[in-house]
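Q: If you're matching positions, the first sequence starts at 18 in the numbering used here and goes up one per residue. Just so you know, even glycine gets a beta-carbon here, dropped at the ideal spot from N, CA and C. Keep in mind the model is a prediction, meaning the values are calculated, not measured. Handing you a structure now.
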Amino acid sequence: MHDIRFIRETPEAFDRALSRRGLSPLSSQILALDADRRARILAAETAQADQNKASKDVGAAKARGDDAEFERLRALVAEKKAEIARMQAEAAALDDQLRDLLMGIPNLPLDEVPDGADENANVEIRRWGTPRQMDFAPREHFDIPAMAGAMDFATAAKLSGSRFVVLKGAAIRLHRALAQFMLDTHISEHGLQEVWTPVLVKPEAMYGTNQLPKFAEDSYQTTNGWWLIPTSEVTLTNIAAGEILEETALPIRMTAHTQCFRSEAGSAGKDTTGMLRQHQFEKVEMVTLCTPETALAEHDRMTACAEAILQKLGLPYRTIVLCTGDMGFGAQKTHDLEVWLPGQKRYREISSVSTCGQFQARRMNGRYRPATGKPDFIATLNGSGLAVGRCLIAVLENGQQADGSVVLPPVLSSYMGGATHITADGRLGA
RNA sequence: GGAGAGGUGGCGGAGUGGUCGAUCGCGCCGGUCUCGAAAACCGGAGUGCCUGCAAGGGUACCGUGGGUUCGAAUCCCACCCUCUCCGCCA
């Protein structure tokens with residue numbers, strides 16, 4: 018959510034930033050509403066002050082036994098009561114209106130973010146690794162012989178429908194190994210703190226990390242009102258909701274491995290084969306809570322944490338900066354990591370690392386106490402480190418051999434019972 | 001699920017209709033004392049919003065939402081959460 022003071026003080030800067038996102042100016046509408054709101058608050062509070070004063074006088078009159086004055090003041094207050102209630106309701110309504118309006122406006126891009134309308138304007142900032150030369154036609158993950166029977170979409174469709182998978186044998190062993198490997202690396206080498214969280218949350222949490230109110234159709238809600246998290250960014254970030262953290266406790270760098278649930282409402286027909294885009298998937302997420310001044314440095318640090326996973330797995334990737342038109346709702350700046358998928362012959366997103374500045378913290382009222390001065394909103398960052406299913410795909414496609422087997426990244430062998438490859442008929446081999 | 005107890009400021013814990021935003025203790029910050037520290041003593045300190053150049057003033061907040069009352073932390077209703085015991089259960 019945006020700081021109304023920032024909009025009041027620099028409406029042009031606000032509108033300019035919106036236009037970089039392809040949005041029309043909103044400051045005049047916001048400021049008109051804000052002015053109206055403040056006028057009503059002033060009126061309502063003044064009326065309330067009058068009532069409070071009269072109530073005190075009532076008490077004083079009674080105490081000294083002045084019955085006439087007592088009755089007179091009592092009647093006066095009773096008379097004003099409905100009017101005051103109405104004024105307060107009006108003020109509260111305008112307050113809510115302004116909040117709702119602000120809640121629906123995306124974050125503003127940082128100056129350094131490249132302008133652009135869509136993904137074509139994203140800027141590659143570095144590339145790591147070289148796609149392996151294959152002297153055969155590389156297959157997509159679901160066609161690799163080593164995965165035959167281990168990646169079962171038909172059974173999943175019977176159980177749940179499209180965009181689900183049943184994993185068996187080497188596929189799920191490798192999937193589990195990847196998640197463990199990511200967590201262990203983040204904990205022991207990157208200094209992140211592992212956290213386990215619920216995957217069912219209250220609506221407030223979804224508002225806090227801006228899934229609500231605009232993107233309700235992208236997530237699932239239970240019959241009693243809980244939401245299934247689309248990412249553990251929701252739970253990890255909302256840990257700070259309503260809190261005032263000590264500055265000395267920052268930064269707080271967390272990681273969690275959870276199930277994620279997405280309706281994929283807007284992606285009908287996109288990535289329908291294989292397990293690239295599922296309703297239910299696993300992700301190792303990273304979230305950092307820090308001071309606003311350190312957010313950009315933390316952003317680079319988090320990006321490096323995600324890149325380290327790909328490097329250790331030996332997977333070629335490129336890092337891009339999303340342009341203003343391609344960034345998510347809550348982001349000020351986003352790095353995407355795209356891993357090379359030989360089966361598709363292209364780079365595909367495997368991680369997205371964003372700094373949200375104080376945008377989410379303002380929504381969830383997450384603050385810290387600076388060494389001097391008043392509490393201020395923290396900065397929040399989130400990033401995948403990594404999407405486990407997509408990483409499984411990348412390992413399989415990049416490690417595939419002409420004979421249908423898959424050579425595994427050496428760093429995984431200790432997580433795979435010493436296996437170094439998956440044979441063409443789906444067994445682990447050393 | 002049943003029965004009971006309880007949710008007050010960083011923590012503990014008073015307060016059961018009126019100068020209570022709230023006694024007190026611990027912790028915290030500043031000062032005195034000291035070579036320095038501890039102890040002791042003195043002083044300070046919640047959060048949001050509105051208003052004001054500022055000093056300040058106003059308003060709201062005692063789990064949440066309603067209600068009663070001129071007036072609610074205090075009374076009533078509903079809900080949420082925590083704890084204890086019982087039942088059930090991975």
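Go through its chain and collect everything with a Cβ distance to CYS307's Cβ below 6 Å, but skip five positions before and after it.
A: To locate residue 307, count along the first sequence from 1; it is residue 290. Counting only Cβ-Cβ distances below 6 Å, and skipping sequence neighbours, we find LEU267, PRO268, GLU315 and ALA396.
Q: Quick one: using the 10 Å Cβ neighbour count with 16 as the cut-off for buried, is PHE153 buried or exposed?
A: On the first sequence, position 136 is the one that residue 153 refers to. PHE153 comes out exposed.
Q: Across which residues does DSSP place SER368 in a beta bridge pair?
A: Mapped onto the first sequence, residue 368 falls at position 351. Per DSSP, LEU354.
Q: Assuming the contact rule is C-beta atoms closer than 8 Å, PHE159 and MET168 should be a hit. Round their C-beta distance to whole Å, please.
A: Residue mapping note: residue 159 aligns to position 142 of the first sequence, counting from 1. Residue mapping note: residue 168 aligns to position 151 of the first sequence, counting from 1. Rounded, the Cβ-Cβ distance is 6 Å, consistent with contact.
Q: Restricting to Cα atoms, I'd like to know which of VAL428, GLY416, LEU429 and GLY434 is closest to ILE161.
A: As a working mapping, residue 161 is identified with position 144 in the first sequence. When each option's Cα is compared against that of ILE161, the closest is GLY416.
Q: For the beta strand (DSSP E) containing GLU234, list its first residue and its last residue.
A: As a first step, residue 234 is located in the first sequence; it is residue number 217 there, counting from the start. GLU234 -> no beta strand (DSSP E), and no H or E assigned at all.
Q: Would you check if the segment 293-312 and the segment 253-272 touch, i.e. whether three or more CB-CB distances between them fall below 8 Å?
A: Touching, per the Cβ criterion.
Q: Rounded to the nearest angstrom, what separates MET319 and ALA436 at their Cα positions?
A: In the first sequence, counting from the first residue as 1, residue 319 sits at position 302. In the first sequence, counting from the first residue as 1, residue 436 sits at position 419. If I take the Cα positions, the gap works out to 30 Å.
Q: Alpha carbon to alpha carbon, how far is LEU339 from THR226?
A: For the purposes of this step, residue 339 is taken as the residue at position 322 of the first sequence. For the purposes of this step, residue 226 is taken as the residue at position 209 of the first sequence. Cα-Cα distance, rounded: 19 Å.
Q: Enumerate in chain order the residues of its own chain whose CB-to-CB distance from LEU425 is below 8 Å, with the five nearest sequence positions on each side excluded.
A: Stepping through the first sequence from its first residue, residue 425 is reached at position 408. Excluding positions up to five away in sequence, the list reads LEU191, VAL412, GLY416, MET433, ALA436, THR437, HIS438 and ILE439.
Q: Three or more C-beta pairs closer than 8 Å, one from the segment 320-332 and one from the segment 197-216: is that the case here?
A: yes
Q: Rounded to the nearest angstrom, what separates GLY96 and SER44 at their Cα positions?
A: Working through the first sequence from its first residue, we reach residue 96 at position 79. Working through the first sequence from its first residue, we reach residue 44 at position 27. The amino acid occupying residue 96 in the given sequence is Glu; Gly does not appear at that position. If I take the Cα positions, the gap works out to 40 Å.
Q: How do the segment 124-139 and the segment 330-347 stand: do at least 3 beta-carbon pairs fall below 8 Å, yes or no?
A: yes
Q: Quick one: measure Cβ to Cβ for GLN68 and ILE21, integer angstroms, because I've assumed they're closer than 8 Å.
A: For this step, residue 68 is matched to residue 51 along the first sequence. For this step, residue 21 is matched to residue 4 along the first sequence. Not confirmed; about 28 Å, so no contact.
Q: Kindly give me the distance between the Cβ atoms of THR214 and ALA273, rounded to whole angstroms, as I take these residues to be in contact under 8 Å.
A: By 1-based counting over the first sequence, the position of residue 214 is 197. By 1-based counting over the first sequence, the position of residue 273 is 256. Contact holds; Cβ gap of about 6 Å.
Q: Taking DSSP as the reference, what is the three-state secondary structure of LEU403?
A: As a position in the first sequence, residue 403 is number 386, starting the count at 1. LEU403 falls in the strand class under three-state DSSP.
Q: Would you decide whether ASN399 is buried or exposed? Buried here means 16 or more other CB atoms lie within 10 Å of its CB.
A: On the first sequence, position 382 is the one that residue 399 refers to. So ASN399 counts as buried.
Q: Considering only residues of the segment 173-216, which uninterrupted alpha helix (DSSP H) runs meet the minimum length of 4 residues and lie entirely inside it, listed in chain order?
A: 186-205
Q: Given 6 Å as the limit, tell me if PRO126 has its C-beta closer than that to any heavy atom belonging to the ligand FMN.
A: The ligand FMN is absent from the structure shown, which contains no ligands of any kind.
Q: Are there 16 or more other CB atoms within 10 angstroms of the CB of ILE410, so buried, or fewer, so exposed?
A: Taking the first residue of the first sequence as position 1, residue 410 is located at position 393. By the 10 Å Cβ count, ILE410 comes out buried.
Q: Counting only runs of 3+ residues fully inside the segment 56-137, write out the beta strand (DSSP E) ranges in chain order.
A: You should have found no qualifying run.
Q: Less than 7 Å between the C-beta atoms of SER368 and SER401, yes or no?
A: For the purposes of this step, residue 368 is identified with residue 351 of the first sequence, where counting begins at 1. For the purposes of this step, residue 401 is identified with residue 384 of the first sequence, where counting begins at 1. Contact flag set, yes.
Q: Determine, using beta carbons only, whether ALA441 and ALA188 come nearer to each other than 7 Å.
A: By one-based count along the first sequence, residue 441 stands at place 424. By one-based count along the first sequence, residue 188 stands at place 171. Taking 7 Å as the Cβ cut-off, ALA441 and ALA188 do not qualify as a contacting pair.
Q: Tell me, to the nearest whole angstrom, how far the beta carbon of VAL212 is from that of VAL251; I am working on the premise that it is less than 8 Å.
A: On the first sequence, residue 212 is found 195 positions in, with the first residue counted as 1. On the first sequence, residue 251 is found 234 positions in, with the first residue counted as 1. About 12 Å separates the two Cβ atoms, so there is no contact after all.
Q: For VAL140, does the count of other Cβ atoms within 10 angstroms reach 16, so buried, or fall short, so exposed?
A: Taking the first sequence and counting its residues from 1, one reaches residue 140 at position 123. Exposed, since its Cβ has fewer than 16 Cβ neighbours within 10 Å.
Q: To the nearest angstrom, report how far apart GLN297 and ILE142 are at their CA atoms.
A: For the purposes of this step, residue 297 is taken as residue 280 along the first sequence, with counting starting at 1. For the purposes of this step, residue 142 is taken as residue 125 along the first sequence, with counting starting at 1. In a straight line, the C-alpha of GLN297 is about 31 Å away from that of ILE142.
Q: Which residue from VAL428, ALA34 and ARG365 puts its Cα closest to that of PRO333?
A: Here residue 333 corresponds to residue number 316 of the first sequence, with the count starting at 1. When only C-alpha atoms are compared, the closest one is ARG365.
Q: Leaving out five residues before and five after PRO387 in sequence, what residues of the same chain have Cβ atoms less than 7 Å from its Cβ?
A: The sequence position of residue 387 within the first sequence is 370, counting from 1. Correct list, in chain order: GLU264 and ASP393.
Q: Using a threshold of 7 Å, state whether the C-beta atoms of LEU111 and ARG57 are closer than that.
A: Against the first sequence, residue 111 aligns to sequence position 94. Against the first sequence, residue 57 aligns to sequence position 40. In this structure, ARG57 lies closer than 7 Å to LEU111 by Cβ.
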